[in-house]
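Visitor: Each residue of the sequence shown is one higher than the one before, counting from 201 in this note's numbering.
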Amino acid sequence: MSPDATLILIVSWIAVLKLLQMALWPQLRRGFGDLAYPAAYPASVLLFTLASWYLGFAHLPVHLALLPFVLLLGYHAVTKRYSREEVLHNLKWDAIFAVCFLFLLEVRFINPSISFAEKFMDHTFLASIMRSPTIPPLDPWFAGGSLNVYYYLGHWMMGALGLASGVPSPVAFNLVLPTVLALAAVSLAAAGHILCRRFFWLPVLTLFAVNPSFVVHALAGDSMSTVLWESTRTITNTITEFPLFSMLWGDPHAHVIALFNQAFFLLILTVAATSWTRLSVRGKAMVCGCAALSLGSMPLINAWDVLIYAPVTLLFGTYLWWQSRSRDPADRSALAFLFGVPACAVALYLPYYLQLDSQGIGGIGIVASPSDPLAFLLVYGFFLLVFYAVCIDDVRTKPYLLASALPFLLAGYHAAAIATIPLVYLLARRRFLPREVFAILGLVILVLIEILYLEDNMGETYYRMNTVFKLSMVAWMMMGTAAFAFIGRWAEHRGISRDLRSGRYWPALAAAVVIILILPFTLPDLSYGRGGMTLDGLAYLEGECPGDAAAIAFLRTLEGDITIVEAEGGDYSYYSRVSSCTGIPTVIGMPFHEQMWRGGEGNVSARMADVRAIYEQPAKTVTLMEKYGATHLYVGRAERERYEVAIPKNALEVVYDAGGVQIYCLPAEAGDIA
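(1) My output table needs one value for S346: the three-state DSSP class, helix, strand or coil.
(2) Only counting runs of 4 or more residues, tell me where the alpha helix (DSSP H) segments fall wholly within the region 663–724, in order along the chain.
(3) Answer with buried or exposed for F297, where buried requires no fewer than 16 other C-beta atoms within 10 angstroms of its C-beta.
(4) Using a Cβ-Cβ distance under 7 Å, would V216 count as near chain C?
(5) So, at 6 Å on beta carbons, what are the nonlocal neighbours of V460 in its own chain, with the 5 sequence-adjacent residues on each side left out?
(6) Are the region 563–580 and the region 503–513 touching by the rule of at least three beta carbon pairs closer than 8 Å?
(7) Would you give the residue range spanned by the alpha helix (DSSP H) that Y600 belongs to?
(8) Where does I457 land, buried or exposed, given buried means 16+ other C-beta within 10 angstroms?
(9) May I ask you to verify whether the region 706–714 touches the region 483–496, counting CB pairs closer than 8 Å and requiring at least 3?
(10) Could you give the first and the last residue of the continuous beta strand (DSSP E) run that contains Q862?
(11) Select from R527, L554, D557, G517 the residue whose C-alpha is nearest the C-alpha of V541.
(12) Starting from E655, trace the beta strand (DSSP E) both ways and give me its first and last residue.
(13) Tell me the DSSP bridge mates of D857?
(14) Would you mind reading off the limits of the alpha helix (DSSP H) that contains L377?
(15) Could you tell me the distance, in whole angstroms, from the CA atom of Y864 to the CA atom of V854?
(16) Starting from V835, trace the beta strand (DSSP E) in both directions and tell me its first and last residue.
(17) Quick one: Cα of D594 to Cα of V674, how far?
(18) Would you kindly check if the distance between the Cβ of E801 and the Cβ of A846 is under 7 Å?
(19) Between the C-alpha atoms of I435 and T661, what's the straight-line distance to the nearest angstrom?
(20) Is it right to say R283 is buried, meaning 16 or more other beta carbons lie within 10 angstroms of its own, or is it exposed?
(21) CA-CA distance, K319 and F632?
(22) Under the assumption that V471 contacts F686 (Cβ atoms under 8 Å), give the Cβ distance between them as a whole number of angstroms.
(23) Should P848 and T821 be called a contact, given that it needs their Cβ atoms to be closer than 7 Å?
(24) Assign M825 to buried or exposed, taking buried as 16 or more other Cβ atoms, counted over all protein chains shown, within 10 Å of its Cβ.
(25) With D748 and G836 assumed to form a contact (beta carbons below 8 Å), what rounded beta-carbon distance in angstroms separates them?
(26) By Cβ distance, which residues of its chain are closer than 6 Å to L207, with the 5 residues on each side in sequence left out?
(27) Evaluate the contact criterion for the region 361–378 versus the region 297–312: three or more CB pairs, one atom per stretch, below 8 Å.
(28) Are at least three pairs of beta-carbons, each pair with one atom in the region 340–348 and one in the region 738–755, less than 8 Å apart?
(29) With H, G and I counted as helix, E and B as strand and the rest as coil, what does DSSP make of W426?
(30) Given a cut-off of 7 Å, decide if M790 and S805 are closer than it, judged by their beta-carbon atoms.
(31) Excluding five sequence neighbours on each side, which residues of the same chain lie with their C-beta closer than 7 Å to the C-beta of A750?
(32) Excluding sequence positions up to five away, which residues of its chain have a Cβ less than 7 Å from the Cβ of S328?
(33) What residue range is occupied by the uninterrupted alpha helix (DSSP H) comprising I847?
(34) Report all residues from its chain with a CB closer than 7 Å to the CB of P551; omit the five preceding and five following residues, and keep chain order.
(35) Since L626 contacts A639 with CB under 8 Å, what's their CB separation in whole angstroms?
(36) Any idea what DSSP makes of T436, helix, strand or coil?
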């Protein structure tokens, strides 16, 4: 792909995002005031996603989701809702978006390959949705099945943006994370405008901070890939990702895409908690609407998030009700947040819940092997240090509260005891401003995941892995926002904000921006030698597997309802590469994933056996292909290595033969292709 073509695709993608944001901005002013401009970034993307999802549900072109925004933009332009002064005043939000987007765009440009970890999975979902944007989307690794076994809305969102901007899936794949980082950064900066005023940008560091384990491994001289990996595997048999790791690692997985929605919801909670009693009826309705839009999207983007944010919504709703009643006993407006937001959140995506066929959670268990205290500190130590520092005076005046950790120590939950101390002291302060509440909630999550876990099918060794993995990311976002807000308030009290107004620190901030934009080019290779300097995530195939690259390019040109047979060879390998690169469904791909999602009902082992029979038992080839609705049969190097290929060539038609790859189809299909 030429540099000019790549640039055009980037501009097209950003143009769609900017169109959405500018169209929604004036509508949010009643609820978000001066923060309507940054809030419109994530809110418009979620609203566009909702519209495109329902268009897909109705089997209509998802491009039509742009139409309301175009009309809204035109209406606001005609009615002079935009002014040059306002746009210039809000350029700081565009700057934050641009810097974060460009930073990660550079990282992806250098390390673009769709080649390891969960990248095949994330691209295959994206490619499947863009190839056939219907609800529920087709499962490309389970012919005849759909993605109603998984939370797929994040991939739908990015696929819809790709379709609207004309960006193909291998390039859209590498635009996902820059978009997520930029949207999350804008939301956290907007929340920071309330939480720490002139240091509003500090909460954005939540997305760039590393844990102490990362620092320890870096100082030990480990390679960058080792530093990244080991810093997220510090607590035994768990995963403790942090946002910067996720962004550099490069998997646009569900929990990573969800980061921007988490950040947006934290902004909404901050606005509601600090502005509710001053808002007009329409302003309150706008805040409630955005809260419902964000909360309602969570189960579909990353279902784990809603396990925390649903009760948090009720908590904040109760607080708003108490706050409103204390000012005016007749004021019942907060009930709209307390009851209306959860109800509307469910109603927005009700068809999704009716279609859902997930294995779900098997129950709640007690953690038998809690985290080692040192490992716990190596993961969360920075935030805990800030919270201990905030509470140090309270510890001096109320030392008896230290006894709150004793039950956890006696029970063997030492890490939970470490988190309990600042938690108890923050509660005892009774200062329930958003930064205190976010710190409290993050600490509560840490304590809970040290004691309890949600039962899934990850086995005995990794029984708490998903619980720690998914919920600790929520805790990181909450604690990071709170910790940097505390630091910002401390800086204001020290008078540093006066120096900031005088321009004393502007050169340092400008230098920091330059460093951020240069940093990606100083990072070592994170793509395992697969090269870069492109945004096409499949470009590396041309050098490593030219036969497959050409055949996959051919398949990507085919339209219509087709299903392909290809080799499966377990997960996290090069097998299942055809479906992963094209989005065309295959009989079975990445079997462990499908087993997790579908359980015994998926008959995964039977499908694996049938695929082998298709390749090795010519008498069964056509019958089994018809059983799964397969129209095409792929024979490349991986198939020859995996099976003793003996297909009935007289019963099939060759539609492609080049570079050591043959693609066959059933005779009736050959006529359609011709």
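We put the beta carbon where it would ideally sit given N, CA and C, even for glycine.
Guide: This is what the structure gives:
(1) Within the sequence shown, residue 346 is the residue found at index 146, counting from 1. Three-state result, S346: strand.
(2) 665–693, 696–701, 706–718
(3) To locate residue 297, count along the sequence shown from 1; it is residue 97. F297 comes out buried.
(4) In the displayed structure, chain C is absent; only one protein chain is listed.
(5) Position 260 of the sequence shown, counted from the start, is the residue given in the question as residue 460. Looking at the sequence itself, residue 460 is Phe, so the reference to Val does not match. The answer, listed in chain order, is P242, V380, L383, A384.
(6) No, they do not touch.
(7) Against the sequence shown, residue 600 aligns to sequence position 400. Segment: none, Y600 is in no alpha helix (DSSP H) and carries neither H nor E.
(8) On the sequence shown, residue 457 is found 257 positions in, with the first residue counted as 1. Its Cβ being crowded by 16 or more others within 10 Å, I457 is buried.
(9) no
(10) By one-based count along the sequence shown, residue 862 stands at place 662. Counting along the chain, the beta strand (DSSP E) containing Q862 begins and ends at 861–865.
(11) The sequence position of residue 541 within the sequence shown is 341, counting from 1. Looking at the Cα atoms, G517 is the closest of the given residues.
(12) Here residue 655 refers to the residue found at position 455 when the sequence shown is read from its first residue. 652–655 is the extent of the beta strand (DSSP E) around E655.
(13) To locate residue 857, count along the sequence shown from 1; it is residue 657. For D857, which the question treats as bridged, DSSP gives the partners Q862.
(14) Numbered from 1 along the sequence shown, position 177 holds the residue referred to as residue 377. L377 -> alpha helix (DSSP H) spans 369–395.
(15) Within the sequence shown, residue 864 is the residue found at index 664, counting from 1. Within the sequence shown, residue 854 is the residue found at index 654, counting from 1. Going from the Cα of Y864 to the Cα of V854 covers about 4 Å.
(16) Translated into the one-based positions of the sequence shown, residue 835 becomes position 635. Residues 832–835.
(17) For this step, residue 594 is matched to residue 394 along the sequence shown. For this step, residue 674 is matched to residue 474 along the sequence shown. Whole-angstrom Cα-Cα distance: 27 Å.
(18) Translated into positions along the sequence shown, residue 846 becomes position 646. Translated into positions along the sequence shown, residue 801 becomes position 601. Not in contact: A846 and E801 (Cβ atoms no closer than 7 Å).
(19) Position 235 of the sequence shown holds residue 435. Position 461 of the sequence shown holds residue 661. A direct Cα-to-Cα measurement between I435 and T661 gives close to 13 Å.
(20) Counting from one through the sequence shown, the residue named residue 283 turns up at place 83. One point to set straight first is that residue 283 is Ser, not Arg, in the sequence displayed. It is exposed - the Cβ of S283 has fewer than 16 other Cβ atoms within 10 Å.
(21) In the sequence shown, residue 319 corresponds to position 119, counting from 1. In the sequence shown, residue 632 corresponds to position 432, counting from 1. In a straight line, the C-alpha of K319 is about 41 Å away from that of F632.
(22) Counting from 1 along the sequence shown, the entry for residue 471 is found at position 271. Counting from 1 along the sequence shown, the entry for residue 686 is found at position 486. 19 Å between Cβ atoms; not a contact.
(23) Indexing the sequence shown from 1 puts residue 848 at position 648. Indexing the sequence shown from 1 puts residue 821 at position 621. A contact, by the Cβ cut-off of 7 Å.
(24) The residue given as residue 825 occupies position 625 in the sequence shown. Buried: at least 16 other Cβ atoms inside 10 Å.
(25) Translated into positions along the sequence shown, residue 748 becomes position 548. Translated into positions along the sequence shown, residue 836 becomes position 636. 6 Å between Cβ atoms; contact.
(26) Counting from one through the sequence shown, the residue named residue 207 turns up at place 7. Once the five neighbours on either side are set aside, L207 has no close Cβ partner at all.
(27) yes
(28) Output reads no: the region 738–755 does not touch the region 340–348.
(29) The residue labelled residue 426 in the question sits at position 226 within the sequence shown. The question names Trp, but residue 426 is Thr in the sequence shown. In this structure, T426 counts as helix in the three-state DSSP scheme.
(30) Here the question's residue 805 lines up with position 605 in the sequence shown. Here the question's residue 790 lines up with position 590 in the sequence shown. Taking 7 Å as the cut-off, the Cβ atoms of S805 and M790 do not count as close.
(31) Reading the sequence shown from its first residue, position 550 is the one you call residue 750. A858, G859, listed in sequence order.
(32) Mapped onto the sequence shown, residue 328 falls at position 128. Hits under 7 Å: P337, L338, P340, G783.
(33) Residue mapping note: residue 847 aligns to position 647 of the sequence shown, counting from 1. From DSSP, I847 is part of no alpha helix (DSSP H); its letter is neither H nor E.
(34) Residue 551 sits at position 351 when you count from the first residue of the sequence shown. These residues qualify, in order along the chain: F257.
(35) Locating residue 626 in the sequence shown gives position 426, where the first residue counts as 1. Locating residue 639 in the sequence shown gives position 439, where the first residue counts as 1. So it is a contact: roughly 6 Å between Cβ atoms.
(36) The residue given as residue 436 occupies position 236 in the sequence shown. Of the three classes helix, strand and coil, the one that applies to T436 here is coil, per DSSP.
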